[in-house]
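Engineer: In our numbering, the protein residues as written are 1423 to 1974.
The structure follows.
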RNA sequence: GCGCCUAUAGCUCAGUCGGAUUAGAGCACCGGCCUCCGGAGCCGGGAGCGCAGGUUCGAGUCCUGCUAGGCGCACCA
């Protein structure tokens, strides 16, 4: 901020002296952190953007601007140096005072959310997983669960109000199919000779449910009721598993409730009023092709039954009516074709489609022993989310899913995730945290006084100055900005990458700089740096829902 | 046929709002570092933007076309 102000002032001065035309007073430019640390802490491209309109060489413009900037920032205690580099970038170098204040802020600054609050908070509903209650959750569900959960954490951390929600598809034909599958398995257990339904669910879990059903001493029932019962059992299992994974929903919204309520009929009324509903071939159609969809969609079938879309529209209408002004849905890649009709339907209902976002979470391919684990739902061979958690644990599973952007298909290396070594990124990050606590404990054992975090001052940090120390502090200074960037772009993988970078810089610092030494002041300063690093690593991991252990 | 996603090092992936004659990590491979705070660590080394155009002072990034892979195009959910 202050850098941008200084640049504006420098441009203003040049305009007033006639060194630049008036038209360039408000020229656009950016200020950003250069990728290469040797280019300083902040850089602006202003000389490049104004070179053409000013018809002067960017390099010469840069020199002229830098001259003005030097006198302007002279009294700024946070900026040490201004220089022109490359084709005409103007680089600013942060002062040691600035870096010291970064650490003071990290150690005494209270809740992280206080550093990252947005000026425009929104009420966000994040709907994710929403797996059919007809079978166990699979690894793709685990990926979506990690993403949705962290979206909420990121949004809440940046001052929004995010609410995680699960839509339970407990209506429609699939529940009946589940019921008929269960019926057949129950009959088998009773020794009856029955044929398993052709389209039934072949998984072993249906047999387990049949056993449970008989053990509970429940009477025979119609397939619909059997299906409803089975779905309830499966849902309870899902809920427990998600909790174990660190994901809890504010609300489980049942499709059956939507269908029983007035919502679907209200949707039809509004669409009719707004002219987006028509009848053809005995069915009621949504005129979605008028709003960007490939074709119109049936809402009420010829037999009077609702299609999936109608209750879903009613559900999303309900979301808006509950006061949410931003809806985020995480869907699998097999549902991307559904986006256009959903968006069209919401627009037809009078909602702004910009407030409805869909993130497509791409498939997960499991690798084990260097080979792909075959996944076939039809063949009944698949790896469930529960098996994955049993195998690799919560921290590794979450971190691996969150390391990659949602839009990339993911190769999940089970062997690597299980490995307790430096090859495993999640251990690498956690190790940095544990190592710091090892140092703090070691200080106590040696009688080295460990300063309270709150006691840190600019002056107490003055002994820091080695490259490894400063590089680490610079990286720590990015923390709030990384949270904001990850939240705004809904890209948790940035934060995962960031925490690995912090860990790497900490390990380098640790190797190069002995923390517990003879120099009391230096030791105190480095202990503060350790504490601040541990805090950033822990906070970042916690946002990702990953533990930051003190011992490993 | 139409639509969406993907294509960056041998492998798995980053790459911010288009920025720096030098495109980064990790794994794998090669070579170094423990009388000392946690070696689950550190330091060094080679190799790459699918193809062809275009926009721009500047393109891995934006646009067009092509190629390859994945997914989707229901009165299923």
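Backbone N, C-alpha and C fix where the C-beta goes; we use that ideal spot for every residue, glycine too.
Can you find the residues in the same chain that come closer than 6 Å, C-beta to C-beta, to residue 1968, ignoring five residues on each side of it along the sequence?
Structural biologist: Along the first chain, read from residue 1 onward, the residue named residue 1968 stands at position 546. Same-chain partners within the cutoff: 1817, 1820 and 1821.
Engineer: Taking Cβ to Cβ, would you say residue 1677 is nearer than 8 Å to residue 1648?
Structural biologist: Numbered from its first residue, the first chain carries residue 1677 at position 255. Numbered from its first residue, the first chain carries residue 1648 at position 226. No, they are not a contact pair.
Engineer: Taking C-beta to C-beta, are residue 1721 and residue 1707 nearer than 8 Å?
Structural biologist: Residue 1721 sits at position 299 when you count from the first residue of the first chain. Residue 1707 sits at position 285 when you count from the first residue of the first chain. In this structure, residue 1707 lies closer than 8 Å to residue 1721 by Cβ.
Engineer: Curious, which full-length alpha helix (DSSP H) runs of at least 4 residues does the stretch 1429-1475 contain?
Structural biologist: You should have found no qualifying run.
Engineer: From the DSSP secondary-structure annotation, give me the bridge partner or partners of residue 1516.
Structural biologist: To locate residue 1516, count along the first chain from 1; it is residue 94. According to DSSP, which records beta bridges pairwise, residue 1516 is partnered with 1501.
Engineer: If you follow the alpha helix (DSSP H) that residue 1585 is part of, which residue opens it and which one closes it?
Structural biologist: The residue labelled residue 1585 in the question sits at position 163 within the first chain. Careful: residue 1585 lies outside any alpha helix (DSSP H), inside the beta strand (DSSP E) at 1583-1590.
Engineer: Start and end of the alpha helix (DSSP H) containing residue 1975?
Structural biologist: With the chain running from 1423 to 1974 in the structure shown, residue 1975 is simply not present.
Engineer: Residue 1835 bridges to which residues according to DSSP?
Structural biologist: Within the first chain, numbered from 1, the residue matching residue 1835 stands at position 413. Beta-bridge pairing links residue 1835 to 1789.
Engineer: With a 10 Å radius around its C-beta and 16 neighbouring C-beta atoms as the bar for buried, classify residue 1542 as buried or exposed.
Structural biologist: Within the first chain, residue 1542 is the residue found at index 120, counting from 1. So residue 1542 ends up on the exposed side.
Engineer: Nearest CA to the CA of residue 1576: which residue from 1940, 1972 and 1913?
Structural biologist: Reading the first chain from its first residue, position 154 is the one you call residue 1576. Taking only the C-alpha atoms, the option nearest residue 1576 is 1913.
Engineer: Quick check on the DSSP output: what are the complete beta strand (DSSP E) runs of length 3 or more inside the stretch 1610-1694, in order along the chain?
Structural biologist: With a minimum length of 3 residues, the continuous beta strand (DSSP E) runs that stay inside the stretch 1610-1694 are 1673-1676.
Engineer: Residues in its own chain within less than 8 Å of residue 1763 by CB, not counting five upstream and five downstream?
Structural biologist: As a first step, residue 1763 must be located in the first chain, where it is residue number 341. So the list reads 1708, 1710, 1715, 1719 and 1731, once near-sequence residues are dropped.
Engineer: For the ligand HEM, I want to know if residue 1927 counts as a neighbour, meaning its beta carbon is within less than 7 Å of at least one of the ligand's heavy atoms.
Structural biologist: Annotation note on the ligand HEM: not contained in the displayed structure, which lists no ligands.
Engineer: Could you give the distance in angstroms between the alpha-carbon of residue 1838 and the alpha-carbon of residue 1469?
Structural biologist: By 1-based counting over the first chain, the position of residue 1838 is 416. By 1-based counting over the first chain, the position of residue 1469 is 47. Roughly 47 Å separates the two Cα atoms.
Engineer: Would you call the stretch 1535-1554 and the stretch 1576-1586 in contact, with 3 or more CB pairs under 8 Å?
Structural biologist: Flag = yes, the stretch 1535-1554 and the stretch 1576-1586 touch.
Engineer: Whose C-beta lies closer than 8 Å to the C-beta of residue 1529 among residues of the same chain, with five residues either side of it excluded?
Structural biologist: On the first chain, residue 1529 is found 107 positions in, with the first residue counted as 1. Excluding residues within five positions, the ones whose Cβ falls inside 8 Å are 1875, 1876, 1878, 1950, 1953, 1954 and 1957.
Engineer: Using only alpha-carbon positions, find the residue among 1943, 1855 and 1866 that is nearest to residue 1922.
Structural biologist: By 1-based counting over the first chain, the position of residue 1922 is 500. For residue 1922, the nearest C-alpha among the options comes from 1855.
Engineer: Can you pull the DSSP bridge partners for residue 1545?
Structural biologist: Counting from 1 along the first chain, the entry for residue 1545 is found at position 123. Answer is 1583.
Engineer: For residue 1795, which of helix, strand or coil comes out of DSSP?
Structural biologist: Here residue 1795 refers to the residue found at position 373 of the first chain. Coil.
Engineer: Spell out a yes or no on whether the stretch 1666-1682 and the stretch 1618-1630 are touching, meaning 3 or more CB-CB pairs, one atom from each, closer than 8 Å.
Structural biologist: At 8 Å Cβ cutoff, the stretches do not touch.
Engineer: Kindly indicate which three-state DSSP category residue 1945 falls into: helix, strand or coil?
Structural biologist: Your numbering for residue 1945 matches position 523 in the first chain. Three-state DSSP puts residue 1945 in a helix.
Engineer: In whole angstroms, what separates the C-alpha of residue 1735 from that of residue 1560?
Structural biologist: Within the first chain, numbered from 1, the residue matching residue 1735 stands at position 313. Within the first chain, numbered from 1, the residue matching residue 1560 stands at position 138. Looking at the two C-alpha atoms, the distance is approximately 26 Å.
Engineer: Is residue 1478 helix, strand or coil by DSSP?
Structural biologist: Looking up residue 1478 in the first chain gives position 56. If DSSP states are grouped into helix, strand and coil, residue 1478 belongs with coil.
Engineer: Can you grab the Cα-Cα spacing for the pair residue 1448 / residue 1430, in whole Å?
Structural biologist: Residue 1448 sits at position 26 when you count from the first residue of the first chain. Residue 1430 sits at position 8 when you count from the first residue of the first chain. Spanning the two alpha carbons is a distance of roughly 8 Å.
Engineer: By the three-class DSSP mapping on this structure, what secondary structure does residue 1846 have?
Structural biologist: Here residue 1846 is taken as the residue at index 424 of the first chain, counted from 1. Correct three-state label for residue 1846: coil.
Engineer: Buried or exposed for residue 1479, going by 16 or more other Cβ atoms inside 10 Å?
Structural biologist: Residue numbering aside, residue 1479 sits at position 57 when the first chain is read from its first letter. Residue 1479 should be labelled exposed.
Engineer: Identify whether residue 1709 lies in helix, strand or coil by the three-state DSSP scheme.
Structural biologist: For the purposes of this step, residue 1709 is taken as residue 287 along the first chain, with counting starting at 1. DSSP places residue 1709 in coil when its eight states are reduced to three.
Engineer: Below 8 Å, can you find three or more Cβ-Cβ pairs linking the stretch 1604-1619 to the stretch 1631-1646?
Structural biologist: Touching, yes, given that three or more Cβ pairs across the two stretches are closer than 8 Å.
Engineer: Express the C-alpha separation of residue 1748 and residue 1766 in angstroms, rounding to a whole number.
Structural biologist: Looking up residue 1766 in the first chain gives position 344. Looking up residue 1748 in the first chain gives position 326. If I take the Cα positions, the gap works out to 16 Å.
Engineer: Identify which residue in 1510, 1477 and 1670 has its Cα closest to the Cα of residue 1548.
Structural biologist: Within the first chain, the letter at position 126 stands for residue 1548. When each option's Cα is compared against that of residue 1548, the closest is 1670.
Engineer: Between residue 1827 and the rest of its own chain, which residues show a CB-CB distance below 8 Å, the 5 nearest in sequence each way excluded?
Structural biologist: Your numbering for residue 1827 matches position 405 in the first chain. These residues qualify, in order along the chain: 1913 and 1915.
Engineer: Nearest to residue 1814 by CA position, among 1833, 1841 and 1829, is which residue?
Structural biologist: Position 392 of the first chain, counting from 1, holds the residue named residue 1814. Of the listed residues, the one whose Cα sits closest to residue 1814 is 1841.
Engineer: Go ahead and pull the three-state DSSP assignment for residue 1966.
Structural biologist: Taking the first chain and counting its residues from 1, the one referred to as residue 1966 is at position 544. Residue state, collapsed to three classes: coil.
Engineer: Under a three-way DSSP split, which group does residue 1978 fall into?
Structural biologist: Past the edges of the chain, shown from 1423 to 1974, lies residue 1978, and the structure says nothing about it.
Engineer: Using 8 Å for Cβ pairs, my map puts residue 1486 next to residue 1512. What's the rounded Cβ distance?
Structural biologist: In the first chain, counting from the first residue as 1, residue 1486 sits at position 64. In the first chain, counting from the first residue as 1, residue 1512 sits at position 90. Incorrect: roughly 10 Å between the Cβ atoms, too far for contact.
Engineer: For residue 1719, which beta-bridge partners are listed by DSSP?
Structural biologist: Here residue 1719 refers to the residue found at position 297 of the first chain. Residue 1719 is bridged to 1708.
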